[in-house]
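Undergrad:
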Amino acid sequence: MSNTTPQSPESPQPSSSPAPDALVRLPLSLLKPPASVRRTAERCAGLLRHPRARIRVTPGWQAPSSTVVLPAGTATVFVSRHRVSPAMWRKLTKADIDTAAPDAPLHLVTLSAVTETDQLHGTLRDMTVSVHSLFRHILAPGPGNSRDRTDTRGPEWIGAESCGRLHPDGSSLEWTWHALLTAEQLERQTSPGGRNSGSGADPGEDVAA
């Protein structure tokens, strides 16, 4: 797979691009986003709660998706989730074996954004900030997006799989995050008017170890 990035006069050289883990913590993506990004995050969070977002090992299943317009470009966002066990929670969070996992059911959430290279309105870094800001607001809307790491509204764990990865055909870029959310965190997300925008958690879904 090529590690090169399509160049424009304003694009950073690949060697100067931050590592994925560094970009998860990129301060610019913690800034308050435009109202349009918050509305987009609410729409994607609604897809994530829907039963259709639960990963199924069946022919033809596809993660729900939505085409979104971000400040730095247009992307297609895919959302999915599946239940995980307390043992998996401990493994991902590196919690001590004696540490009690949250009582609420746990979900491993995957968010991916794919954009065509000709749909970028700015640099790769600009798009990364836009995508990461969107991801943060899908996972922890409102006050949960603060810099305060003691804020319990935030995800149990977040990890980056890819950050602006160039697809083999050279025509598109991908960003992927994984996060642990409790069922309560999935349910807590509300519409701008404060109403719960609907439950999608499926209490009967299988649990991955």
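Here this note's numbering is used: position 53 in the sequence shown is 605, and no number is missing along the way. The beta-carbon is built from N, C-alpha and C at its ideal position, and this holds for glycine as well. Predicted model only: the values in this text are computed from it and were never measured.
Considering only the beta carbon of each residue, do Val-636 and Leu-658 sit closer than 8 Å?
TA: Cβ distance < 8 Å, so Val-636 and Leu-658 count as in contact.
Undergrad: Hey, could you find the ends of the alpha helix (DSSP H) Val-609 is sitting in?
TA: Element bounds for Val-609: n/a, residue is neither H nor E.
Undergrad: Looking only at C-alpha atoms, which of Arg-606, Ser-723 and Met-679 sits nearest to Leu-738?
TA: The shortest Cα separation from Leu-738 among Arg-606, Ser-723 and Met-679 belongs to Arg-606.
Undergrad: Thr-680 by DSSP, collapsed to three states: which one?
TA: Helix.
Undergrad: Does the separation of the CB atoms of Leu-600 and Arg-633 fall below 8 Å?
TA: Yes, the pair counts as a contact, with Cβ atoms nearer than the cut-off.
Undergrad: Relative to the C-alpha of Glu-713, which candidate in Glu-726, Arg-595 and Asp-678 has its C-alpha closest?
TA: Glu-713 has its Cα closest to that of Glu-726, out of Glu-726, Arg-595 and Asp-678.
Undergrad: Report the rounded CA-to-CA distance for Ala-543 versus His-689, giving the unit in angstroms.
TA: The first residue shown for the chain is 553 and the last is 761, placing residue 543 beyond what the model contains.
Undergrad: Express the C-alpha separation of Gln-671 and Pro-695 in angstroms, rounding to a whole number.
TA: Caution applies to Pro-695, whose pLDDT of 44 falls short of 50 and renders its modelled position unreliable; the model cannot decide the point.
Undergrad: State whether the region 641-655 contacts the region 624-632, with contact taken as three or more CB pairs (one from each stretch) at a distance under 8 Å.
TA: Touching, no.
Undergrad: On the CB-based measure, 16 or more other CB atoms within 10 Å of its CB, does Arg-620 come out buried or exposed?
TA: Note that residue 620 is Val in the sequence shown, not Arg. Buried, by the Cβ-count rule.
Undergrad: Give every residue of the same chain whose Cβ lies closer than 6 Å to the Cβ of Met-679, excluding the five residues on either side of it in the sequence, and list them in chain order.
TA: Result list for Met-679: Ala-624, Gly-625 and Leu-672, in chain order.
Undergrad: Please report the residue range of the beta strand (DSSP E) in which Leu-660 lies.
TA: Unbroken beta strand (DSSP E) run through Leu-660: 658-668.
Undergrad: Answer with yes or no whether the minimum CB distance from Ser-682 to chain B is below 8 Å.
TA: Among the protein chains of the structure shown there is no chain B, as only one such chain exists.
Undergrad: Along the chain, where does the beta strand (DSSP E) that runs through Leu-672 open and close?
TA: Segment: none, Leu-672 is in no beta strand (DSSP E) and carries neither H nor E.
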